[in-house]
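Novice: One structure is given below, represented as structure tokens, and several questions about it will come after.
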Amino acid sequence: MTDRYLRAAVDVGGTFTDIALSDVRTGRLISAKVLTTPGNRADGVLGGIDVALDVSGAKPEEVAEIVHGSTTGTNALIERTGAKVGLLTTEGFRDVLEIGRCMRPMEGLYDVTIDRPLPLVPRYLRLEARERLDAQGQVVQPLDEASVAAAAELFALEGVEAVAICFLFAFRNAVHEERAAEIITAALPNVPITLSHQISPEYREYERSSTAVMNAYLTPIMNTYLDDLEPRLQARLGPSRLSIIQANGGSTSVEIARAKALTTVNSGPAGGVVAAAFYGRRHGRKRIVSVDMGGTSFDIGLVEDGASTVTTDGAFQDLPVKIPIIDLHIIGAGGGSIAWQDPGGALNVGPRSAGSDPGPACYGRGGNAPTVTDANLVLGRLNPEYFNGGRIKLDADAARAAVGELAKELDMGLEDAALGILRVVNANMVKGIATVTIQRGIDVRDFSLLSFGGAGGLHAVDLAVELGMVEAVIPPLPGIFSAVGLLVTETRQDYVTALGNVDSSSTDLDGLETHFARMEAEGAADMAAQGFGQDDIELRRAADLKIAGQTYELSLPLPDQGTLTQAGLSALIEAFSALYRERYAFFFEGEPIELVNLRVTAFGRNATVDLPEDESPGGDPAGAIKDRRPVYFEGAGWVECAIYDRDRLAGGMIVTGPAIIEEETSATLVSPKRSAEVTADHGLIIALGQEGSST
Amino acid sequence: MTDMITMQVIRYALEQIADEMGYTLVRTGRSTIITEIKDISCVITDAKGQTVAQAHHTPSLLAGFEITMRELVSKFSADNLSPGDVIITNDPYKGGQHIMDLYAIAPAFHDGELIGFVGNIAHHSDLGGVAAGGVAGGIREIYLEGLRLPMVKLYKAGVEDEEITGIIANQIRVPDKTLGDIRAQVASLMVGTDRLDRLYTRHGANLVQQACDDLLDYSERRMRKGLEALPDGTYEAEDFIDDDGIVDELIRVAIKVTIAGDRVIVDLSDSDPQAQGNTNSTIANTHAAIYYTLIAVVDPHMPPNSGCYRPIEVIAKPGTIVNPLPPGAVAARTNCSAKIVEAMLFALAPLAPDRVTAGSHGQITTCGFGGRDPETGEPFIYTDIQGGGNGGRAHSDGADGQDGHLARFMNTPVEAVEQRFPVRIERYALIPDSGGAGKYRGSLALQRDIRLLADGVSFARYSDRHKVAPKGLFGGLEGAPGAIIRNPDSNHEERMASKGLDTLAQDDLISIRLPGAGGFGSPGERMPEAIAADLRDGKVSQEVVDRDYGGGGTPAADE
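Line order of the protein sequences matches chains H and S. Position 10 (the first sequence) corresponds to 10 in the working numbering; numbering is contiguous. Position in the second sequence (from 1) plus 695 gives the number in the working numbering.
Take a look at the structure:
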């Protein structure tokens, strides 16, 4: 593979497919954006690679690796177009998947018309097997094989395309799930089967069923997609390696992606958080809130200690998922969010979005509801001639008319109404950020806000100021930043052993070590199978602990990663107490602490990306000014602002506000009294004092 | 007045703090009733005790909070409060709910000034009383229902009063759990006061206080606007509680709702006198049911706070089932308050058919199993709360398996229960044919079968709708009533009283069958596809299709 020196990231999104092409010899980074092809997304993937190769002048046979963020699973969930799944449960519990945890959605607290999502498997495809284990995993009722065979027969008759099996306490003892799988495979040899203890060996039967069912639901569609994509890539590029991004922020082989299709959901946004962690590390920032603001959604991620944070308590499309995934909080706020006045007279923004069709009023495609993008345009913050590189011409009069209508209803001036829209959407976004940080005891005041996506640069400073953060950072290539993230991922696989609740003070060290060693051996073998040499494999141990009697555990890495010793265990418990205190502002002194799960994560080190830098000594940025226009600020009113061309700024330059820095896919607002420092790799860092809001 | 935009900014911040308090309480609590079921609420008030924001948990616990706060503000003046104080109470006759619901409230300060209060309510596994879990039915006096705490300072300037915790610990069966849960409530309050102080620092005291005032006015405005849009008049309805656990007679809850311009008067004067048993609804609980229903029917998306309640007048005669006098017992109060909701929805249904449901389960089945674990010898209390069916709606069936009005509980996972308590759950399922037929079907009821693996276990419970079935609306049919059956399908099968206290033997099986819900609209108008899908899913049997839908229904297309 010596003559193959290109790594291509392909991030398929709802509207665009983004490509980042990295030359490992020179560090040169080429980006391309093509429209996503919803009919068959593989068309867009291949088309995009062609465009990127074209731009870079490289040849297909120079591509060593494709790192792929697929939206196939995400879309199947949103559109409910996954497989027809049969679910086999313990006798008496076929309805657990539908009953769920009973809870009404938060929005339905008083609204009797709002329901939670329906289960992915209807009742007639949920069947029962006679069997039962107790809480220790002992067999109470042996598996009645005839009941499994009868279910298999019915599944065959109904033509199910995938099967999930979830038995009570299977995470304690897999014997019944495994035997049932054999019986079903015999009857339905070509139907993929997901076993709950394999995908998520943790307690709480509904959450584990939901996870297993979702994996089964996505497996056939993922296989069909990969069956099509893989040979086409081979035909086009020759023997290159295809890696698939997972929601845990790591990549994996095609084989594993086929078996664990669930892990590919939300992988694009996960790439954004990985990119944020990577960019932070380059600049010595270890604590970052990463936000990706696009047209309809605002994705919030967290980087602590230089790494993206992972949760095992997540959900996709409001259905629980009990596997390690990057902790992403997604709210409905973006450029397309619609502003409206409610019956009490208050201004609200979103969650309804104008989307891209008809889009904001200023798109001139028939939309007449005022949106965040319209407000930004009214205030002079967007350039009507250079939106998306000039490919979309914005109609400023239409924006003023739409916002003006709302201003009349609010009985305020046009600019104040537009500012109001921004303040309300910002407050929504601040609340969303607080939910995943402050709410969990994380003090964001010493964090950096890293903002990307098309609309990220215009709101970054206001959000960071409102949260009291130290700085706002706009990375280079904000429009395809998630794709950059795909190029810096490590290959990753997670392993977990559920212990139940073991008192940490009376535990058997050798027993714990045996569990860790077994998972490590498995991880090392899986990485070796994916072609990693010993030196490129890293294994990390972690554990979930809780205070005895409480229900929720905290997951943390073992401070001492070597063979487990008494001292190492003590250090772990001390680290747990410290984290607990930080999260809940309280600690229960002297209470027994229990070990719940042991975890190992295996990483395979991949090539990374070296962003191009220029060594310029800085100098006067005036040469990058391409225009001047009035921009409206709270308090100051209309102020004449310099408009900079980001591509013409060089490392070391300082842009003093008020200013707007424009580039093809994004724009950054530098408010009065702030200044943006251009880094050598062409990022923008806006340091913030402790003064008030600058909207 | 602040502008409507600043008000929204502060509102989001306050709601976030309330949710953060809830998150802390759930994460640090001990009992499954807090950690899994989430029978809690969190609230932020201004210095006068008016609720300005609340967490997205159980509305029933919250709406009555301002009555509690009125008591607190009259008892503790600002100079009697310092940072780090925590006041607790569970007195149903001083704005409380029932003994098991313990309120914890802390004053919040900024620059040495009292700026408001943060409070939370948690349902405890045990606060003493005649039976483990405090949920026995058929109790005559409040004294038997547990330790009734007046408003006392449990923490003084951050220091726990060990004399008070000593008293509490002596009255209860599982002191480690209960005291752990109380301390979790305190942790949640400390988070709340800290975040509120930060919010004041960020925006300035005047602005935040003004925004809070505006927020109350704003919600009041929304409530008044919504009421104005409804036709003036007096609308009446009634509902019945099966019995009070002592006397086998129906108990009537009567509602007269008068809409007059932008005001509403809810008169419950014709309701029956207070019961001998504990099905009485405390005044805070009665208010909660009324407030909940009016917000749901008038404008479900207004921010719920004390402002919404200003246009509402409640007439509840002392000494009646909806406003009992001491020493009446009250633990099973939700059997009554759920009927207030049901009756109000039926009274208002002709005015706002899109925002009501047909009759729902109309009760909350709460069971407490208490005994000793045969393996460890330790005492245990397993409290299980179950919702039930939701009535059909103007455009959709009742949602199967989803909790309904007033509460927003979660169930306890079988795998969580069996790891902690000596029981085995043998079935947790929807009950076919339990949803009332209609154009839109009432949702199915739930069944939970619990096998005892210990001997001499006390089984305290209150439940209802075992006799009076959930009603259909606009031509919809009734849902199935509930039942609690001991050892079903055996030769010693026994149908148990809905409210009571019994001792169970090892291997007894308790089958809890909740009520279903009523249908909405005439069954004849139901789409054949919907009937066919129910048949295929086994949610409705052929027999019932023949009986209630005249055999209608075409085979469903494959999905």
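C-beta: ideal position from N, C-alpha, C; glycine also.
Which residues, in order along the segment 110-127 of chain H, keep a beta-carbon less than 8 Å from a beta-carbon of chain S?
Specialist: When C-beta distances to chain S are compared with 8 Å, the residues of the segment 110-127 of chain H below that value are 110, 111, 112, 113, 115, 116, 122, 123 and 124, in chain order.
Novice: According to the neighbour-count rule (16 or more other Cβ atoms, all chains shown, within 10 Å of its Cβ), is residue 8(H) buried or exposed?
Specialist: buried
Novice: Between which two residues does the beta strand (DSSP E) harbouring residue 194(H) extend?
Specialist: For residue 194(H), the uninterrupted beta strand (DSSP E) run begins and ends at 193-195, by DSSP.
Novice: Would you please state the rounded distance, in angstroms, between the beta carbons of residue 706(H) and residue 279(H)? I believe it to be under 8 Å.
Specialist: Residue 706(H) falls outside the range modelled here, since chain H spans only 1 to 695, and no answer is possible.
Novice: Would you decide whether residue 721(H) is buried or exposed? Buried here means 16 or more other CB atoms lie within 10 Å of its CB.
Specialist: The structure shown does not extend to residue 721(H), since chain H spans only 1 to 695, so no value can be given for it.
Novice: From 472(H), 558(H), 658(H) and 338(H), pick the residue whose C-alpha is nearest to that of residue 447(H); which is it?
Specialist: 472(H)
Novice: How big is the Cα-Cα spacing for residue 528(H) and residue 207(H)?
Specialist: CA-CA distance, residue 528(H) to residue 207(H), rounds to 32 Å.
Novice: By the three-class DSSP mapping on this structure, what secondary structure does residue 1146(S) have?
Specialist: strand
Novice: State the Cα-Cα distance for the pair residue 372(H) and residue 166(H), rounded to the nearest angstrom.
Specialist: 45 Å
Novice: Just verifying my parser: in three-state terms, what is the DSSP assignment at residue 1252(S)?
Specialist: Annotation note: pLDDT 43 at residue 1252(S) (below 50); position unreliable, coordinate value reported separately. DSSP, reduced to helix, strand and coil, places residue 1252(S) outside both helices and strands of the structure shown, so it counts as coil.
Novice: For the segment 398-409 of chain H against the segment 541-549 of chain H, are there 3 or more C-beta pairs whose distance is under 8 Å?
Specialist: no
Novice: Excluding sequence positions up to five away, which residues of its chain have a Cβ less than 7 Å from the Cβ of residue 52(H)?
Specialist: Closer than 7 Å at the Cβ level, and outside the excluded window around residue 52(H), lie 8, 19, 21, 30 and 32.
Novice: Could you please give me the residues that DSSP links to residue 725(S) through a beta bridge?
Specialist: Residue 725(S) pairs with nothing; no bridge assigned.
Novice: Among residues of its own chain, excluding the 5 on either side of residue 1173(S), which ones have a beta-carbon nearer than 7 Å to its beta-carbon?
Specialist: Scanning its chain for C-beta atoms nearer than 7 Å, with the 5 sequence neighbours on each side dropped, one finds around residue 1173(S) the residues 1131, 1164, 1165, 1166, 1167 and 1213, in chain order.
Novice: Kindly indicate the opening and closing residues of the beta strand (DSSP E) around residue 501(H).
Specialist: For residue 501(H), the enclosing beta strand (DSSP E) has its first and last residue at 491-503.
Novice: One question on the structure: do residue 818(S) and residue 734(S) come within less than 8 Å of each other, judged by their Cβ atoms?
Specialist: yes
Novice: If you compare alpha carbons, which of 753(S), 769(S), 766(S) and 815(S) is closest to residue 781(S)?
Specialist: Closest by alpha carbon: 815(S).
Novice: From 856(S), 902(S) and 869(S), pick the residue whose C-alpha is nearest to that of residue 881(S); which is it?
Specialist: 856(S)
Novice: In this structure, what does DSSP give as the bridge partners for residue 958(S)?
Specialist: 955(S)
Novice: Ends of the alpha helix (DSSP H) at residue 93(H)?
Specialist: Residue 93(H) -> no alpha helix (DSSP H), and no H or E assigned at all.
Novice: For residue 550(H), would you say it is in contact with chain S, using Cβ-to-Cβ distances shorter than 8 Å as the test?
Specialist: yes
Novice: What do you reckon, are the CB atoms on residue 1006(S) and residue 919(S) nearer than 8 Å?
Specialist: Taking 8 Å as the Cβ cut-off, residue 1006(S) and residue 919(S) qualify as a contacting pair.
Novice: How far does the alpha helix (DSSP H) with residue 905(S) in it reach, from first residue to last?
Specialist: 900-923
Novice: Residues of chain H with CB closer than 7 Å to the CB of residue 833(S), please, in chain order.
Specialist: What residue 833(S) touches in chain H: nothing, since even the nearest Cβ is about 27 Å away.
Novice: Can you tell me the Cα-Cα spacing of residue 99(H) and residue 461(H), whole angstroms?
Specialist: 44 Å
Novice: Please name the residues in the segment 967-994 of chain S whose beta-carbon is closer than 8 Å to at least one beta-carbon of chain H, in chain order.
Specialist: 987, 990, 991 and 994
Novice: Over what stretch of residues does the alpha helix (DSSP H) that includes residue 269(H) continue unbroken?
Specialist: 267-282
Novice: Could you tell me if residue 59(H) is buried or exposed, where buried requires 16 or more neighbouring beta carbons within 10 angstroms of its beta carbon?
Specialist: exposed
Novice: Are the C-beta atoms of residue 727(S) and some chain H residue less than 8 Å apart?
Specialist: yes
Novice: Can you say whether residue 243(H) is buried or exposed, counting buried as having 16 or more other CB atoms within 10 angstroms of its CB?
Specialist: buried
Novice: Would residue 631(H) pass as a contact of residue 237(H) if the rule is Cβ separation under 8 Å?
Specialist: Not a contact, by the Cβ cut-off of 8 Å.
Novice: For chain S, check one thing: does any of its Cβ atoms lie closer than 8 Å to the Cβ of residue 343(H)?
Specialist: yes
Novice: Please list, in chain order, the chain H residues whose beta carbon lies closer than 8 Å to that of residue 913(S).
Specialist: 344, 345 and 346
Novice: Is residue 1023(S) closer than 8 Å to residue 975(S) when the C-beta atoms are compared?
Specialist: yes
Novice: Following the continuous alpha helix (DSSP H) through residue 1029(S), name the residue where it begins and the one where it ends.
Specialist: Unbroken alpha helix (DSSP H) run through residue 1029(S): 1029-1043.
Novice: Can you find a CB in chain A that lies within less than 8 Å of the CB of residue 1108(S)?
Specialist: No chain A appears in the structure shown, which is made up of the protein chains H and S.
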